[in-house]
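Student: Numbering (our numbering), first residue to last: 259 to 445.
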């Protein structure tokens, strides 16, 4: 999977979300749904309620066909819920970013944008990202890199948002460490 790993604060994630919406894309939160009706996020005001609670969003084009979505189900407290099966039914860019810990504990967790090399149709046939999807992913990666500073671990690079670094250095925020490494010391 093509992936960029980062630490972005809430403000920086909001800028990234606005870049996504500015490209005419929308996000689908990875939620337990009570029905097979998705929530589509198309702007900042819709995104903010999910920003701190939802860990994973699927970034999709505006032409997503709802009929292509493949759902799984589970039961909780005697009630049936639906969830979007990741990598099945449609091509998406994964936007993983824990936010609640920042609000609750002033800690910023690692996140990533990821683009799989292939997905599966409803019937299980391989589905490949379009050239447009690959270009969108590259533009989002470029956006993250412009807003961040690279920190290289042995075989992995994390991009630390510039505002995120300021919050850590001046306002007492902390990064959730990767193993025993405090990435701020590598800036």
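Heads up, the beta-carbon is just placed ideally off N, CA and C, and yes, glycines get one too. In this text the structure is predicted, and so the values were computed from the model without any measurement.
(1) Over what stretch of residues does the beta strand (DSSP E) that includes residue 371 continue unbroken?
(2) Going by DSSP in three states, residue 324 sits in which element: helix, strand or coil?
(3) In chain order, what residues of the same chain lie with their CB nearer than 8 Å to the CB of residue 331, ignoring the 5 residues before and after it?
(4) What does a CB cutoff of less than 7 Å around residue 262 pick up in its chain, not counting 5 residues either side in sequence?
(5) Helix or strand or just coil, what does DSSP make of residue 292?
(6) Taking the C-alpha atoms as reference points, what is the distance between residue 397 and residue 281?
(7) Under 6 Å Cβ to Cβ from residue 395, same chain only, skipping five residues before and after it: list those, please.
(8) DSSP beta-bridge partners for residue 272?
Tutor: Quick look at the numbers:
(1) 369-373
(2) helix
(3) 338, 339, 340 and 341
(4) 370, 371, 399, 402 and 417
(5) coil
(6) 10 Å
(7) 351 and 373
(8) Per DSSP, none; premise fails for residue 272.
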